[in-house]
Amino acid sequence: MASSTSSSSSSQEDSLIQCFKYSRRATLRSVVGRPDGGLGLAGESAVVGGWVRSSAVVKARHAGPAASPSRSPEVETTGLTCTEVLMTRVPLIRRIARLMANGISVAASGHYARPAAGTAVVRINDGSCGADLQITVDSSLCPLEQVTASGACVLVEGEIEELKNTAPQYVVQMRVEKILHIGPVDSDMYPLSNVHPSTELVRGYPHLAARTAAVASTARIRSELIHAAHAFFQINGFFHVNTPIITTIPIITTTIAGNRRKMFSVTRLFSKSDDSRITPEGVRSAIKEKMKQVEALKRSESNKEALEAAEQDLQKANDHKA
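Sequence positions in the sequence shown follow our numbering and run 4 to 325.
This is how it looks when you write it as structure tokens:
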């Protein structure tokens with residue numbers, strides 16, 4: 004009896020979608036990253052989000068005989084002027100009007116321009132796992148060009164349903180019922196429109212590198228390793244402490260003579276007691292000694308870093324003299 008109760012409770016937990024603690028959104032890892040690929044969640048509703056990896060538009064099939072391809076589609080012309088009727092009937096006049104309006108179509112007013120009906124099949128990813136989630140968006144919810152652009156971000160709510168007679172990597176899909184947010188993107192300007200961009204291209208856009216499969220997989224592995232290491236040390240009574248690392252950093256400055264390297268170093272603050280022990284005679288002797296050292300290093304030209312350090316010491320001595 005106890006075993007049957009535990010098995011039923013575990014099956015109920017497997018059928019539930021795990022959401023964020025402070026949000027209704029669920030990660031794709033909790034949907035398509037399951038061992039069954041999400042089949043146990045069929046019929047469940049969820050809120051998911053991510054960026055568009057790939058997409059395709061399936062046009063709606065209209066009942067009745069197919070229209071002739073040479074004939075223009077019938078549009079509503081009630082309440083239109085003679086010029087507008089000509090624009091709807093004659094494609095040449097419509098193109099001329101579009102050019103005269105700086106590329107803005109006259110049909111954009113909504114009187115006789117109707118969006119094409121259909122369904123968009125979009126595959127999104129949020130970086131939590133390598134698998135994508137396939138979602139279907141009807142044209143009645145939003146303009147399909149907004150959700151089919153590669154790189155666009157979407158936040159949708161819908162029902163998960165099983166896919167049959169499809170590729171083995173896609174066993175479920177989400178039928179979108181509500182679109183909560185769309186982050187549009189210009190497809191012509193988006194650099195990672197290709198599904199498999201080259202490494203050289205990704206280096207030029209580090210803020211988008213996490214959207215590639217290689218960088219995302221590396222980031223997930225690194226996250227798990229860091230979490231496991233910290234958990235191990237915390238369990239065994241260790242504390243994590245960030246110790247400060249003070250070192251010298253080379254800085255390249257451009258001068259008239261060319262590029263010169265200077266060493267940036269972190270020092271302690273000077274107190275008044277340190278200044279009281281500095282005498283004018285000591286400063287003058289230090290300046291003379293440093294000038295001789297700088298001249299010797301300039302003649303030898305053997306060690307540029309030593310010359311730069313000597314010049315810095317000479318500058319400090321001159322500052323104390325002033």
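Beta carbons: idealized from backbone N, C-alpha and C, even for Gly.
All of these numbers come straight from a predicted model, not from anything done at the bench.
Pair within 9 angstroms by beta-carbon distance, residue i and residue j
| i | j | result |
| --- | --- | --- |
| Ala-150 | Ser-33 | For clarity, residue 150 is Val in the given sequence; the question names Ala instead. Cβ atoms of Val-150 and Ser-33: not closer than 9 angstroms. |
| Met-188 | Ser-153 | According to the sequence provided, residue 188 is Val. The question's Met does not apply to it. Contact: yes. |
| Leu-31 | Asn-128 | yes |
| Val-159 | Leu-195 | no |
| Val-297 | Ala-320 | no |
| Glu-47 | Ile-138 | no |
| Arg-214 | Asp-135 | no |
| Thr-202 | Ala-222 | no |
| Cys-156 | Gly-186 | yes |
| Lys-181 | Gly-121 | no |
| Lys-293 | Asp-316 | yes |
| Gly-43 | Val-35 | no |
Chain B within 9 angstroms of residue i, Cβ atoms only
| i | result |
| --- | --- |
| Gln-318 | In the structure shown, chain B cannot be found, because there is only a single protein chain. |
Assumed close pair residue i, residue j - CB separation to whole angstroms, cut-off 8 angstroms
| i | j | result |
| --- | --- | --- |
| Arg-28 | Val-51 | 7 angstroms |
| Leu-144 | Val-179 | 7 angstroms |
| Glu-165 | Ala-45 | 5 angstroms |
| His-243 | Phe-236 | 7 angstroms |
| Ala-123 | Val-205 | Actually they are not in contact, since the Cβ atoms of Ala-123 and Val-205 sit about 27 angstroms apart, beyond 8 angstroms. |
Buried versus exposed call for residue i [16 or more other C-beta atoms within 10 Å across all chains shown]
| i | result |
| --- | --- |
| Val-175 | buried |
| Pro-171 | exposed |
| Phe-23 | exposed |
| Thr-282 | exposed |
| Pro-200 | buried |
| Gln-21 | exposed |
| Leu-147 | buried |
| Val-125 | buried |
| Ala-309 | exposed |
| Met-406 | The structure shown does not extend to residue 406, since the chain is modelled only from 4 through 325, so no value can be given for it. |
| Gly-207 | exposed |
| Gly-161 | buried |
| Gly-53 | buried |
| Lys-307 | exposed |
Residue i - DSSP class collapsed to helix/strand/coil
| i | result |
| --- | --- |
| Gly-43 | helix |
| His-184 | strand |
| Ala-70 | Here the model assigns Ala-70 a pLDDT of 43, short of 50, so the residue's position is not dependable, and the following value carries that caveat. Correct three-state label for Ala-70: coil. |
| Arg-28 | strand |
| Ala-63 | coil |
| Gly-52 | strand |
| Glu-79 | Only weak support exists for where Glu-79 lies, its pLDDT of 43 falling under 50; the value from the coordinates is given anyway. In the structure shown, Glu-79 sits in coil (DSSP, three-state: anything other than H, G, I, E or B). |
- Message: Going residue by residue through the stretch 117 to 202, where are the continuous alpha helix (DSSP H) segments of at least 4 residues, counting only ones entirely within it?
- Response: 147 to 150
- Can you give, in chain order, each stretch of the alpha helix (DSSP H) that sits fully within the stretch 220 to 249 and has at least 4 residues? none
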